[in-house]
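For reference, the structure is listed below as structure tokens.
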Amino acid sequence: MSATKKQNKTAATLRSMLPLFLIALTLSAVMVGVFLLIGRYDRTVLFGALLGTAASLLNFIVMTISLLRASEAEDPAKATLRVRGIYFLRMAVLIAVLVIALKTKYFNPFATLLPLCFFRMAMFLSELFHKKSEEGGA
44 MSATKKQNKT AATLRSMLPL FLIALTLSAV MVGVFLLIGR YDRTVLFGAL LGTAASLLNF
104 IVMTISLLRA SEAEDPAKAT LRVRGIYFLR MAVLIAVLVI ALKTKYFNPF ATLLPLCFFR
164 MAMFLSELFH KKSEEGGA
């Protein structure tokens, strides 16, 4: 496959993930709003939400790109090894993000942790809405 086709495939895949990114960002904004409503908001909540959301989105972008590249590899054993290596690297980065949030006074740890779960929730909500629209259109 040519380099241009690979880039187009990667770009198309990332574009298809845009609704998931928007849902995850919306969930983060709702979380900050809840902190405001319960009177626990301060700048560490905003910084934690930004750190957690950025880490989560970056995690899924890197995962998607690594899986796309692995699917194009000629040697399945090397592709599997590479995907596993990138998985451990991604998890190490997420752990480092949480450690930074816990050890510094700049980030609210809870506001950092929650957005790491929001992308999975976004995927669930996206599938739920997709199934509902299929049932309604059928």
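Taken in order, the sequence shown gives residues 44 to 181; the numbers are from my numbering. Think of the CB as a built atom: it goes at the ideal place given N, C-alpha and C, for glycine as much as any other residue. Everything numeric in this text was worked out from a predicted model, so none of it was measured.
Integer-rounded CB distance, given that residue j should sit under 8 angstroms from residue i
i    : j    : result
S169 : I104 : At roughly 16 angstroms, the Cβ-Cβ gap does not stay under 8 angstroms, so S169 and I104 are not in contact.
L57  : T96  : Contact doesn't hold; Cβ gap of about 17 angstroms is too wide.
V75  : L89  : 6 angstroms
E115 : K49  : 7 angstroms
With 16 other Cβ atoms within 10 Å as the buried cut-off, status of residue i
i    : result
N51  : exposed
F167 : exposed
M60  : buried
V77  : exposed
V142 : exposed
S71  : buried
A157 : The residue you asked about is not Ala; residue 157 is Leu in the sequence shown. Flag for L157 reads buried.
T147 : exposed
Beta-carbon spacing of residue i, residue j below 9 angstroms
i    : j    : result
L161 : G91  : According to the sequence displayed, residue 161 carries Phe and not Leu. The answer is no: Cβ separation not under 9 angstroms.
T123 : A113 : yes
S109 : L159 : no
A165 : L63  : yes
Minimum C-alpha distance to residue i - residue among the options
i    : options                  : result
L145 : T87, L79, A113 and P119  : T87
Y149 : L93, L79 and V75         : L93
L111 : S176, F172, K174 and A54 : A54
N- and C-terminal bounds of the alpha helix (DSSP H) containing residue i
i    : result
N151 : Taken as a continuous stretch (DSSP letters only), N151 belongs to no alpha helix (DSSP H), as it is neither H nor E.
I143 : P119 to K146
G82  : Where G82 is concerned, there is no enclosing alpha helix (DSSP H), given that its DSSP letter is neither H nor E.
A55  : A46 to S59
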